[in-house]
Amino acid sequence: MSVPRGRRCWKVWTFALLVAATALVFVFVSGPGPGAPTGPSAPDAAGSPEPSQPIRVAIDATDVGSMDNDPLFGEDAEIPDRAVDTAIMQVEHALETYLNAQFVTQATRFSEQPLDGLLSRQASAALSDDARAGLGALGISVWQVDSEPVAADARVLTRGDDAALVTVRYDLRAQVSTGDTDPVPLHQQATMVFVPQDGQWRADAIDAVLDLPLPTGGRA
Amino acid sequence: MMTECLRRVARALAGTVVAVLLSGTVLASDVHRTQLRPAFDRDELLVVLIIGSDIGWPYRPGDARNGNADAIHLVAVDTVARRATVVDIPRDSVVGGTKVNAHLLTGGPQRLRRQLESFAQVTIDHWMLTSFRGFERISEALGGIDVVVDRPMHDEASGSDFDPGAHRVEGKDALAFARDRHSMPDGDFGRTRHQGDLLVGAHRRVTADGIGLADLVDLMGTLARHTASDIGPTQLLRMGLLAPRIDPAAVEQVSLTGRLDTLGGASVVRLRTRGVFDRIRAGDVGPSTRPSARPSAPAT
Chain A
8 MSVPRGRRCW KVWTFALLVA ATALVFVFVS GPGPGAPTGP SAPDAAGSPE PSQPIRVAID
68 ATDVGSMDND PLFGEDAEIP DRAVDTAIMQ VEHALETYLN AQFVTQATRF SEQPLDGLLS
128 RQASAALSDD ARAGLGALGI SVWQVDSEPV AADARVLTRG DDAALVTVRY DLRAQVSTGD
188 TDPVPLHQQA TMVFVPQDGQ WRADAIDAVL DLPLPTGGRA
Chain B
474 MMTECLRRVA RALAGTVVAV LLSGTVLASD VHRTQLRPAF DRDELLVVLI IGSDIGWPYR
534 PGDARNGNAD AIHLVAVDTV ARRATVVDIP RDSVVGGTKV NAHLLTGGPQ RLRRQLESFA
594 QVTIDHWMLT SFRGFERISE ALGGIDVVVD RPMHDEASGS DFDPGAHRVE GKDALAFARD
654 RHSMPDGDFG RTRHQGDLLV GAHRRVTADG IGLADLVDLM GTLARHTASD IGPTQLLRMG
714 LLAPRIDPAA VEQVSLTGRL DTLGGASVVR LRTRGVFDRI RAGDVGPSTR PSARPSAPAT
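Keeping their order, the protein sequence lines are chains A and B.
Note that the working numbering has the first sequence beginning at 8, numbered continuously upward.
Note that the working numbering has the second sequence beginning at 474, numbered continuously upward.
Quick look at the structure:
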């Protein structure tokens with residue numbers, strides 16, 4: 008006996024909906040699957056954000072050049088290697104301090120405060136709201152940030168016995184937990200030019216892109 | 474028939490599952506871009522004297538700061554409005570009672586600056602000087618400079634060898650374009666104008682798409698290596714970062730000319746400044762919005 012086409016399709020629909028419902032129940036009950044980022048459990052009403060692991064930064068000086076004008080006189084400029092090493096170490100520290108304050112430390116992350124320690128006076132004076140966002144000052148509250156170590160490369164220009172400009176390029180990749188959802192990926196790609204100012208290395212010019220797809224309606 | 478039904482159901486089912494899953498975690502694409510450039514310590518008007526010396530390794534060994542100035546240009550920049558005027562000054566112009574180019578030989582860049590300040594009544598903030606070889610290297614670092622050759626230039630003395638048309642010049646070709654006056658019907662006026670063309674063309678190169686922050690810093694490194702100047706590394710960086718933010722359409726080139734004369738038996742030029750220094754002094758730089766007040770740009 009043949010079954011009418013409409014009825015046969017109705018049966019298939021019923022079966023499919025049952026499968027879908029079962030699958031959705033399974034998904035909601037089981038949480039993230041294998042291989043998915045393991046985020047912290049959602050905070051309860053009285054909960055507080057969990058501490059995150061510090062971001063480690065390692066800078067590799069890939070190119071070192073001089074700003075001395077010896078070539079104008081047919082000579083080669085000498086590179087002050089020790090000054091270059093010292094500058095790299097100090098810039099590494101400055102970048103690590105910024106990244107941790109901007110993305111990890113509970114009291115300051117995603118606020119404007121870390122920018123004070125990063126930027127030169129002139130860069131601070133040129134700071135706009137849009138520029139703040141790309142540097143991580145999004146004004147959001149998150150539960151936890153887990154970052155991979157940051158491997159940066161640097162080009163150093165020297166002048167006389169000192170390092171004069173250090174251009175650093177890095178990619179920061181992290182998982183950000185808002186508490187309501189699975190962790191979301193954060194990616195900041197930046198090029199920063201550091202200059203010495205008042206005995207410290209400060210970022211004087213920056214190109215940065217920050218990508219953080221936040222859950223809509225979440226805590227963030 | 475059954476297969477078609479299954480396909481329709483499968484498609485609908487997949488869509489439903491995806492939609493339901495996403496309704497729990499809707500991710501909003503949120504990309505923030507930052508291009509942060511330092512503010513200038515000195516607001517508004519910045520005037521830089523650009524000098525090309527006829528002395529310097531390897532062509533004419535010696536200290537380039539103590540040669541004759543073959544190229545003399547004032548670049549006045551409004552750092553806030555991002556507009557600029559480039560003034561091309563013929564080397565034979567009488568400034569301070571003698572040819573302007575001789576001041577470099579007799580007192581270095583500082584003396585040339587003082588004399589021009591006195592003549593133009595404009596404060597010059599910085600000077601920058603290069604040699605023949607230095608200019609070659611800078612043009613190479615830029616990847617060439619675009620110029621328009623409006624008449625045949627084939628000159629043994631300078632090494633120029635250009636047919637009319639658009640050219641991208643670098644290295645020895647760029648230097649030859651800057652030095653050739655024999656091919657120009659107006660002689661040194663035409664050569665001076667060409668030097669200004671190269672300055673304006675160099676600016677146009679750094680405004681091209683695809684030049685990133687690190688490239689600009691590298692370029693400033695090259696500029697520093699092949700010039701002498703009173704500009705520190707950080708200030709040079711800030712100037713270099715400002716340059717791409719100035720629209721080439723906001724840059725005016727004023728090639729000064731004048732009346733030919735003789736002074737002590739030497740051929741000299743009595744400059745006609747056409748009010749350009751008055752305008753710079755008043756902070757009015759860049760192409761004029763008032764055509765009647767605009768100085769004539771081309772030399773004749």
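Even glycine gets a Cβ: it sits at the ideal position worked out from N, Cα and C.
- Judged by DSSP in its simplified three-state form, A94 (chain A) adopts helix.
- Interface with chain A (8 Å Cβ-Cβ cutoff): D527 (chain B) is excluded.
- Beta-bridge analysis with DSSP links S740 (chain B) to B:T735.
- Contacts with chain B at 8 Å (Cβ-Cβ) include I213 (chain A).
- At a cut-off of 8 Å between C-beta atoms, G607 (chain B) counts as an interface residue with respect to chain A.
- In its chain, beyond the 5 residues on either side, G660, D661 and R664 have a beta carbon closer than 6 Å to the beta carbon of R654 (chain B).
- A distance below 8 Å separates the beta carbons of G607 (chain B) and H699 (chain B).
- Contact between I618 (chain B) and R678 (chain B) holds: CB atoms are separated by about 6 Å, below the 8 Å threshold.
- Annotation: S73 (chain A) to P706 (chain B) spans about 11 Å, alpha carbon to alpha carbon.
- The beta carbon of S631 (chain B) is closer than 6 Å to those of A649, R652 and D653 in its chain, skipping five residues each way along the sequence.
- Under the Cβ criterion (8 Å, minimum of three pairs), the segment 98-113 of chain A counts as touching the segment 196-214 of chain A.
- Excluding its 5 nearest sequence neighbours in each direction, G683 (chain B) has no C-beta neighbour in its own chain below 8 Å.
- DSSP, reduced to helix, strand and coil, places I719 (chain B) outside both helices and strands of the structure shown, so it counts as coil.
- Contiguous alpha helix (DSSP H) elements confined to the segment 560-593 of chain B occur at 575-593, taking only those with 4 or more residues.
- Residues of the segment 139-173 of chain A with a C-beta atom less than 7 Å from some C-beta of chain B are A140, G141, L142, R162, L164, R166, A171 and L172, listed in chain order.
- The segment 504-519 of chain B and the segment 709-716 of chain B touch, with three or more beta-carbon pairs separated by less than 8 Å.
- Between W600 (chain B) and chain A, the shortest Cβ-Cβ separation is not below 8 Å.
- Counting every other CB atom within 10 Å of its CB across the protein chains shown gives S127 (chain A) a total of 16 or more, marking it as buried.
- Nearest CB-CB separation between D551 (chain B) and chain A: not below the 8 Å threshold.
- Around L179 (chain A), no beta-carbon contact reaches into chain B at under 9 Å, the shortest distance being about 13 Å.
- Burial check for H599 (chain B): the Cβ neighbour count within 10 Å reaches 16 or more, so the residue is buried.
- Contact between L686 (chain B) and D178 (chain A) is absent: CB atoms are separated by about 15 Å, not below the 8 Å threshold.
- Boundaries cannot be given for T700 (chain B), as no beta strand (DSSP E) includes it and DSSP labels it neither H nor E.
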